[in-house]
Amino acid sequence: MHRNAKGFSRVDHACHGDAVTSFEPGLPHLTNGAPAEVALGFVYSGDELGDVAFLRFLEGELGICLPWAETEAELPAAAFI
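Printed below as a string of structure tokens:
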């Protein structure tokens, strides 16, 4: 996941080194590869910011948790294995 200073977020997902999907949460028209729903089971409801929704998804589905204070700054990149 990458978030820049302008607020754009991008999630890239690969499996065994092969790109599966790349998307911006909440902007399905900017998806490259499989839709997030298919690749990861992530469905964006629109109730909160896309990157926040995706971080909640990671926490709920995979038990991966980033402290919220760390998510308020630019995220250069984070790799989850």
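Numbering (our numbering), first residue to last: 42 to 122. C-beta atoms are modelled at their ideal positions from N, C-alpha and C, and glycine is treated no differently. As the structure is a prediction and not an experimental result, all values here were calculated from the model.
With a contact defined as Cβ atoms closer than 8 Å, residue 54 and residue 62 qualify at about 5 Å. Per DSSP, reduced to three states, the secondary structure at residue 71 is strand. Cβ contact annotation for residue 77 (same chain, cutoff 7 Å, sequence separation greater than five): 62, 64 and 83, in chain order. In the structure shown, the three-state DSSP call for residue 92 is helix.
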